[in-house]
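Asks: Chains Y and A supply the protein sequences, listed in that same order.
Under our numbering, the residues of the first sequence are numbered 13 to 470, in order.
Under our numbering, the residues of the second sequence are numbered 89 to 218, in order.
Built from N, CA and C at the ideal position, the CB exists for glycine as well.
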Amino acid sequence: MLLLLALLGITLGTGTAHADGAPVGADIQVAQTLGARELTVIIRRVDTTPSPLRVDVVTHQGTAPGTLHLTAAADGVVTSRGDVVLGAEPGMYPGTLRVDKPGPWQLSLSDGTGPAATIPFLVPARVVPPWEKATYGGFVAAGVFLLLALVVGVRARRTAFALIPAGGLVAALAVAVTGALLSASTPPPPAPGSQLDPTFDNVTDPYANAQLSTVDYSRPPVNLAVHTQPGGLRLALTDGATGLPVDDLLIHDNALVHLVVVSPSGRMSHLHPVRVGPGDYRVSVADPEAGTYAVAAELVRRGGGVQLARSTVDLNGTAAPTSEPPGAGKRTINGTPVDLTISPGTPTTVTAHFPAGDLQPWLGMLGHLIVAGPITGPDVGAAAAKAPTWAHVHAMIPPVAGQLDRPDETVAAYGPDVSFTYTFAAPGRYRIWLQAERDYRVLTIPAVVDVPTTGAAR
Amino acid sequence: MKRPTLLITVVVLVVAAGSAWLLWGGNSAKPTTQQATSGPYTVQFSADEPRIGGNTFAVAVTGPAPDAVTVAPVMAQMGHAFAAVPAGPDGPGRFRAADVGLPMSGQWEITVSLRGPSGPAQVVFPLLVK
Numbered sequence: 013m014l015l016l017l018a019l020l021g022i023t024l025g026t027g028t029a030h031a032d033g034a035p036v037g038a039d040i041q042v043a044q045t046l047g048a049r050e051l052t053v054i055i056r057r058v059d060t061t062p063s064p065l066r067v068d069v070v071t072h073q074g075t076a077p078g079t080l081h082l083t084a085a086a087d088g089v090v091t092s093r094g095d096v097v098l099g100a101e102p103g104m105y106p107g108t109l110r111v112d113k114p115g116p117w118q119l120s121l122s123d124g125t126g127p128a129a130t131i132p133f134l135v136p137a138r139v140v141p142p143w144e145k146a147t148y149g150g151f152v153a154a155g156v157f158l159l160l161a162l163v164v165g166v167r168a169r170r171t172a173f174a175l176i177p178a179g180g181l182v183a184a185l186a187v188a189v190t191g192a193l194l195s196a197s198t199p200p201p202p203a204p205g206s207q208l209d210p211t212f213d214n215v216t217d218p219y220a221n222a223q224l225s226t227v228d229y230s231r232p233p234v235n236l237a238v239h240t241q242p243g244g245l246r247l248a249l250t251d252g253a254t255g256l257p258v259d260d261l262l263i264h265d266n267a268l269v270h271l272v273v274v275s276p277s278g279r280m281s282h283l284h285p286v287r288v289g290p291g292d293y294r295v296s297v298a299d300p301e302a303g304t305y306a307v308a309a310e311l312v313r314r315g316g317g318v319q320l321a322r323s324t325v326d327l328n329g330t331a332a333p334t335s336e337p338p339g340a341g342k343r344t345i346n347g348t349p350v351d352l353t354i355s356p357g358t359p360t361t362v363t364a365h366f367p368a369g370d371l372q373p374w375l376g377m378l379g380h381l382i383v384a385g386p387i388t389g390p391d392v393g394a395a396a397a398k399a400p401t402w403a404h405v406h407a408m409i410p411p412v413a414g415q416l417d418r419p420d421e422t423v424a425a426y427g428p429d430v431s432f433t434y435t436f437a438a439p440g441r442y443r444i445w446l447q448a449e450r451d452y453r454v455l456t457i458p459a460v461v462d463v464p465t466t467g468a469a470r
Numbered sequence: 089m090k091r092p093t094l095l096i097t098v099v100v101l102v103v104a105a106g107s108a109w110l111l112w113g114g115n116s117a118k119p120t121t122q123q124a125t126s127g128p129y130t131v132q133f134s135a136d137e138p139r140i141g142g143n144t145f146a147v148a149v150t151g152p153a154p155d156a157v158t159v160a161p162v163m164a165q166m167g168h169a170f171a172a173v174p175a176g177p178d179g180p181g182r183f184r185a186a187d188v189g190l191p192m193s194g195q196w197e198i199t200v201s202l203r204g205p206s207g208p209a210q211v212v213f214p215l216l217v218k
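#1: Hey, is ALA34(Y)'s beta-carbon within less than 8 Å of any beta-carbon in chain A?
#2: Suppose contacts are defined by Cβ-Cβ distances below 8 Å. Is VAL430(Y) in contact with ALA403(Y) by that definition?
#3: Can you tell which of THR108(Y), ALA396(Y), PRO102(Y) and GLU101(Y) has its C-alpha closest to the C-alpha of GLY94(Y)?
#4: My guess is that LEU376(Y) and TYR305(Y) are in contact by the Cβ rule of under 8 Å, so how many angstroms apart are they, rounded?
#5: Please state whether DSSP places THR330(Y) in a helix, a strand or coil.
#6: Could you pull out every residue in the same chain whose Cβ sits closer than 6 Å to the Cβ of LEU120(Y), ignoring the five residues on either side in sequence?
#7: How about the stretch 269-284 of chain Y and the stretch 294-305 of chain Y: do they share at least three Cβ pairs that are nearer than 8 Å?
#8: Considering only the alpha carbon of each residue, which of LEU378(Y), THR388(Y) and VAL350(Y) lies closest to PHE366(Y)?
#9: For a test of the three-state rule: what should DSSP assign to VAL454(Y), helix, strand or coil?
#10: Going by DSSP in three states, TYR229(Y) sits in which element: helix, strand or coil?
#11: Could you work out which residues of chain D lie near PRO214(A), taking near to mean beta carbons separated by less than 8 Å?
#12: For GLY369(Y), which residues from the same chain have a beta carbon less than 8 Å from its beta carbon, with the 5 sequence-adjacent residues on both sides left out?
#13: Under the assumption that GLY115(Y) contacts PHE212(Y) (Cβ atoms under 8 Å), give the Cβ distance between them as a whole number of angstroms.
#14: Which first and last residues belong to the beta strand (DSSP E) in which LYS342(Y) is found?
#15: For ASP87(Y), would you say it is in contact with chain A, using Cβ-to-Cβ distances shorter than 8 Å as the test?
#16: Could you give the uninterrupted runs of the beta strand (DSSP E) lying entirely in the stretch 202-260 of chain Y, keeping only those of 3 residues or more?
#17: Based on DSSP bridge pairs, tell me the residues matched to ASP429(Y).
#18: Please go through the same chain and pick out, in chain order, the residues whose beta-carbon is closer than 8 Å to the beta-carbon of GLY329(Y), but skip the five residues on each side of it.
#19: What residue range is occupied by the uninterrupted beta strand (DSSP E) comprising LEU109(Y)?
#20: So which of GLY291(Y), ALA437(Y), ILE345(Y) and GLN372(Y) has the shortest CA-CA distance to GLY357(Y)?
#21: Against chain A, which members of the stretch 228-240 of chain Y pass a CB distance test of less than 8 Å?
#22: Does the Cβ of SER335(Y) have 16 or more other Cβ atoms within 10 Å, making it buried, or fewer, making it exposed?
#23: Tell me where the beta strand (DSSP E) around SER195(Y) begins and ends.
#24: If the criterion is Cβ atoms closer than 8 Å, does the pair PRO199(Y) and SER225(Y) meet it?
#25: Measure from the C-beta of ILE198(A) to each C-beta in chain Y and report whether the shortest distance is under 8 Å.
#26: To the nearest whole angstrom, what separates the beta carbons of ALA154(Y) and ALA188(Y), a pair I think is in contact under 8 Å?
#27: Which residue marks the beginning of the alpha helix (DSSP H) containing SER396(Y), and which one marks its end?
#28: With a cut-off of 8 Å, does the C-beta of ALA135(A) fall near any C-beta of chain Y?
#29: Return the residue from the list ALA186(A), VAL102(A), ASP155(A) and PRO177(A) that minimises the CA-CA distance to SER206(A).
#30: Would you be able to state if there are at least three C-beta pairs under 8 Å between the stretch 136-146 of chain A and the stretch 224-243 of chain Y?
#31: What distance in whole Å lies between the Cβ atoms of GLY339(Y) and VAL9(Y), which are believed to be in contact at a cut-off of 8 Å?
#32: Can you give the Cα-Cα distance for GLN195(A) and MET408(Y), rounded to whole angstroms?
#33: Would you report the Cα separation of GLY204(A) and GLN122(A), rounded to the nearest angstrom?
#34: List, in order along the chain, the chain A residues whose C-beta lies closer than 7 Å to that of ILE54(Y)?
#35: Taking C-beta to C-beta, are VAL159(A) and VAL188(A) nearer than 8 Å?
#36: For GLY207(A) and chain Y, any beta-carbon pair shorter than 8 Å?
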């Protein structure tokens, strides 16, 4: 009966302990706009330490060949160095570093020109929860007591002496079964990384100081200041409550910061600023136009919750303005024919038909749709910055049951249709930009959507 | 009749050892030492059993000697910053800030600020108060 109970408890209690927001040992994918290169850095899972740390860098069409210098640092001390040689062909280029203990680490990438991009990441530890200790220890002790009882029962002068180890057997079994049964209802400790600031102590033993918080784990909103610098932008992120630099961004949708900028004539760029210091992010903007850009940053602080910070920046540049894009219909983007259909209504569905089912996931998604509006007048950047609607719509990649790691960009097996559904809040003329990746090139398809008065009613 | 003293002792010892193994490490607030670098400084931060109320923090700086060291606690989840507390010298390259008030449990972030001829620097150390 006790054994049956124990088996039941073990079957019910097979929850996994999560030491980070991601499952223990999952790959970490981070998009980085490093100088003129748009890269995806994949930090492969680490199961035990010390062990090699495999870092793959995915390049895209137009990424210049060259060498990236990588380092891994713990406690502010660089312990491992390596180079990744990027070829002229787009694809995945490997590098190998080494990590020797679980905890918060920092990967840095340098192309030799500007300051190095740093990516904080966690090397998870194998954590044995207390109930597991109780269950396993209890069963081991029960086995020992059982043997002892048998020996005593056979060898001792009085058979009744066997009742003493038998008492120990019952006590040990009670501990084991209680541990197994409680395992299902025992809450995991606050996760270092996604809820608490990670330290080497709490990653190794999250139960040591485990105490469920009396307040929400979420942090205050950020303030975003956008400054121009030669070749690009410098973003200063400060805490909305204390004014201190914000240095607790989590990797969300495969980036620390998703920065969407809209040019004065309506070109959209979806960039991924690199962290060069606490609260200090840099991004280069290729060939800017002169005028006011709309800037929007999507990010997640420790404790959770996606934040959107919007701003503007005035750039000087010589790029020729682009004209207003068409609505639905066929067009060719970077050599790829795309047919856009827009089904108006509440909600509206926008579908892009690509020629083949060979789309690649970008930022963990099949497609991205940026919506800004209603926009009137020729100055799209300034109008988009003030627009009441600023949306980032996703098209998921079809999930595969049981697959822990999401496919990276080398899997060209999705599409050919990418569909987005969005409910427009008000009538008017909206600018939309649809993004999907094909043949290692992120295609950006601009369009306009006219939302009629009737279609906007909820 | 002889009492089975040895047998009772063995069973009691095994049960006691098992209980101690289970409970050991579960309720001890360990002293924490963390290290970070900023500019020319390498800073080590130690807090003995962080708790609600007054705390003593030890800061050890290697690299150039700073003129002044302060520690400023922030309750990250509440968005509440506290005034910086100066850390007095405590030997070469060592500083100690006494009676730094942390009024609640949870996730704190301690900003250690250094000023000196080698320039200013700030490093932040997370601290979990139980």
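Replies: On the basis of the coordinates in this document:
#1: Low confidence applies here, because ALA34(Y) scores a pLDDT of 41, under 50, leaving its location unreliable and the question unanswered by this model.
#2: The answer is no: Cβ separation not under 8 Å.
#3: THR108(Y)
#4: With the sequence shown as reference, residue 376(Y) is identified as Gly, and Leu is not the correct amino acid for it. With 8 Å as the limit, GLY376(Y) and TYR305(Y) do not qualify as a contact, their Cβ atoms being about 26 Å apart.
#5: coil
#6: As written in the sequence, residue 120(Y) is Ser, which differs from the Leu given in the question. For SER120(Y), where only same-chain residues beyond five positions count, the Cβ hits under 6 Å are THR83, ALA128 and THR130.
#7: yes
#8: When each option's Cα is compared against that of PHE366(Y), the closest is VAL350(Y).
#9: strand
#10: coil
#11: Of the protein chains in the structure, Y and A, none is chain D.
#12: ALA425, TYR426, GLY427 and PRO428
#13: 4 Å
#14: 341-345
#15: yes
#16: 234-241 and 244-251
#17: HIS365(Y)
#18: If we look at GLY329(Y) and ignore the five residues flanking it on each side, its Cβ neighbours are ASP299, PRO300, GLU301 and ALA302.
#19: Counting along the chain, LEU109(Y) sits inside the beta strand (DSSP E) bounded by residues 104-111.
#20: ALA437(Y)
#21: ASP228, TYR229, SER230, ARG231 and PRO232
#22: exposed
#23: Taken as a continuous stretch (DSSP letters only), SER195(Y) belongs to no beta strand (DSSP E), being part of the alpha helix (DSSP H) at 175-195.
#24: Between PRO199(Y) and SER225(Y), the C-beta gap is not smaller than 8 Å, which leaves the two residues out of contact.
#25: Output row for ILE198(A): interface = no.
#26: 6 Å
#27: According to the sequence displayed, residue 396(Y) carries Ala and not Ser. Segment 392-398, the alpha helix (DSSP H) holding ALA396(Y).
#28: Chain Y, which has no Cβ nearer than 8 Å to the Cβ of ALA135(A), makes this no.
#29: ASP155(A)
#30: no
#31: Outside the modelled stretch of chain Y, which goes from 13 to 470, sits residue 9(Y), for which no answer is possible.
#32: 34 Å
#33: Computed Cα separation, rounded: 22 Å.
#34: Going along chain A, no residue has its Cβ under 7 Å from ILE54(Y), so there is no contact; the nearest lies around 26 Å.
#35: yes
#36: no
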